[in-house]
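In what follows, a structure is listed as structure tokens, so that the remarks can point back to it.
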Amino acid sequence: MNSTYDVLIIGAGIAGCAIATGLAKQGRRVVVLERSLREPDRIAGEILQPGGIAALSKLGLDDCVEGIGATPMEGYHFHWTGEQASFWFCPLSSGDGGPAVKPTGRSFHHGKFVTKLRAAVAREPNVTLLQATAVELLRDERTGGIVGAVGSREGGSSTEYRASLTILSDGSASNFRAQFTHLRPQSHSRFWGLELEASLPKPNYAHGILGHGLPIFMYQIGPHKIRMFIDIPNTAYRRLGSTDAVRAYLRERVIPTVPACMQASLTKAIETGRLRSMPNSWLPSTRTKAPGLIMLGDSANMRHPATGAGMTVALKDAVLLTELLDPSRVASLGDTNAVTNAVGKFHWKRKRHSAPLNIVAEGMYAVFVADDTTSAVIQHGLIRYIQGGEENFAMPGWLMGGVVESPLLLLYHFFKVAIYSNKLRLCESTWVGLPVVIFQSLLTICAAVSMIWRPVIGELQL
């Protein structure tokens, strides 16, 4: 049995569902192959930034965050060695003269959100959603271009699904990525996740606990459900050697650092809860060279999950790609030259929204995880900078939330915080200690550069 479509999408996760909906609404005939259509049971992909909510709305999928117990996320609250600081997503004018609107994100159980997305995709008349595993990509013998895939369905039957365009969105553990890029996901730590029956000290805010060597992140996934992530370097886990040892490690190192109101709930979760982990991966995006193929979502680009930006990047990518492949621009997806041109534009245009989110995720994690004296200066400066109020954090908040898209503005504010940190250190020093502080200030700037050097270079990949 052979089946022919305009678009074949491998993977019905966030990116796959989003792009399937966008292209189907344009009249493209789409088939989506997903290995399992059961509700996913994952601890990743539970924060959708305000920019992701806006992208979801553009795709006509904004109702997918309703009815799943989603909690508003208004900003971030940080705990640092006895100090606290909050920033929120400040109201932003739409530019049309209307009133300023306060952006808000959402946090929720990943599986419930994906299930709603799949249900929405299945309702699209131009979409065929199938439970099938893509086992092989089909190539044109003459050009080497991708012309579809072989899908294996339950019972062992195989079908060739041919399409003018194949979109690879099969996630972080993509089976096909290695065929199209020399880059591999890099991971130096893992998130260890627990679910707590508790309330956050500041409701509707994601929380970060810094300054103790182990960054801890918390957010609501229900009215009385909290997701907690503890970042443990791979080297530390290798020394621990087992999940039981990790539990003991959490009892010793983590419980004393969380707010007192959460310690009993955390103790119970460590003792009796389900402790799961996932790698914190980084993968810069590269332009897909194979004709007839586009990679999307985590199969193409990953960043540290500390800021919860992954789904927002994927949804914004889907919006942009839908616009670039609009029939008014690309009448037929069988027009290889037109599609190749659109893919080239997509690779560079997406950097306007992906670069700030990728860089801030890697940069913030580097600030959070470091426990040396130089990095402590930046941590202290960041907390004090946020405490300065909306004048300081409005634009960084919009950038982190995917509301404003500007890589240069992000770099400006990142180094503004580094310089502010040095200013605080200089003001606190004595004349006798001034030479040492000046030297430390130079080290602080060097540290700031090193924190974002890798993701910046990654964004310049061809």
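Going by full-length UniProt numbering, the sequence shown opens with residue 1, and the numbers climb by one from there.
Quick reminder that beta carbons are idealized off the backbone N, C-alpha and C, glycines included.
- When rounded, the separation of the alpha-carbon atoms in residue 51 and residue 307 is 13 angstroms.
- In the displayed model, residue 301 falls within coil according to three-state DSSP, outside both helix and strand.
- Taking residue 326 as the centre and dropping the five residues before and after it, the same chain places the C-beta of 26 closer than 7 angstroms to its C-beta, in chain order.
- Of all C-beta pairs linking the segment 326–346 to the segment 384–400, fewer than three are shorter than 8 angstroms, placing the two stretches out of contact.
- Using a C-beta cut-off of 8 angstroms, the segment 59–75 makes no contact with the segment 362–375, since fewer than three inter-stretch Cβ pairs fall below that distance.
- DSSP places residue 134 within a strand segment (E or B) once states are collapsed to three.
- Close CB contacts of residue 181 within its chain, under the 7 angstroms cut and outside five residues either way in sequence, are with 286 (chain order).
- When DSSP reads this structure, residue 35 sits in no beta bridge, so it has no partner.
- In the three-state scheme derived from DSSP, where H, G and I count as helix and E and B as strand, residue 190 is classed as strand.
- Under DSSP, residue 150 takes part in a beta bridge, and its partners are 136 and 160.
- The three-state reading of DSSP puts residue 118 in helix, counting H, G and I together.
- Counting of Cβ neighbours within 10 angstroms places residue 234 among the exposed residues, the total staying below 16.
- Within the model, the alpha-carbon separation for residue 442 versus residue 380 is close to 16 angstroms.
- Uninterrupted beta strand (DSSP E) stretches at least 3 residues long and entirely within the segment 254–316 occur at 276–282 and 293–295, given in chain order.
- When secondary structure is reduced to three states using DSSP, residue 202 falls in the coil class, being assigned neither helix nor strand.
- Here residue 224 is exposed. Its C-beta has fewer than 16 other C-beta atoms within 10 Å.
- Look at residue 79 here: in three-state DSSP terms it is strand.
- Close CB contacts of residue 313 within its chain, under the 6 angstroms cut and outside five residues either way in sequence, are with 354 and 357 (chain order).
- For residue 26, no beta strand (DSSP E) segment is defined, and its DSSP state is neither H nor E.
- In this structure, the alpha-carbon of residue 11 lies about 7 angstroms from that of residue 32.
- Annotation: residue 263 to residue 332 spans about 59 angstroms, alpha carbon to alpha carbon.
- Relative to the Cα of residue 226, the nearest Cα in the group 238, 207 and 211 belongs to 207.
- The segment 183–193 and the segment 231–245 touch, with no fewer than 3 CB-CB distances between them shorter than 8 angstroms.
- Assigned with DSSP and collapsed to three states, residue 461 falls in coil, not helix or strand.
- Sequence-distant partners of residue 75 (beyond 5 residues in either direction) whose C-beta falls short of 7 angstroms from its own C-beta, in its chain, are 86, 87, 88, 89, 205 and 397.
- With contacts defined by Cβ atoms closer than 8 angstroms, residue 110 and residue 42 form a contacting pair.
- In the structure shown, residue 342 adopts helical secondary structure according to DSSP, grouped into three states.
- Within the same chain, Cβ atoms closer than 6 angstroms to the Cβ of residue 319 are found at 55 and 58, the five residues on either side in sequence being excluded.
- For residue 226, the enclosing beta strand (DSSP E) starts and ends at 225–233.
- Residue nearest to residue 195 within the set 44, 91, 417 and 22 is 44 (criterion: CA-CA distance).
- Ranking 116, 99, 459 and 247 by CA distance to the CA of residue 301 puts 459 first.
- Per the coordinates, the alpha-carbon of residue 78 lies some 53 angstroms from the alpha-carbon of residue 3.
- Around the beta carbon of residue 435, fewer than 16 other beta carbons sit within 10 angstroms, so the residue counts as exposed.
- At least 8 angstroms separates the beta-carbon of residue 141 from that of residue 149.
- Listed in chain order, the alpha helix (DSSP H) elements of length 4 or more contained wholly in the segment 388–416 are 390–400.
- Rounded to the nearest angstrom, the gap between the Cα atoms of residue 276 and residue 247 is 11 angstroms.
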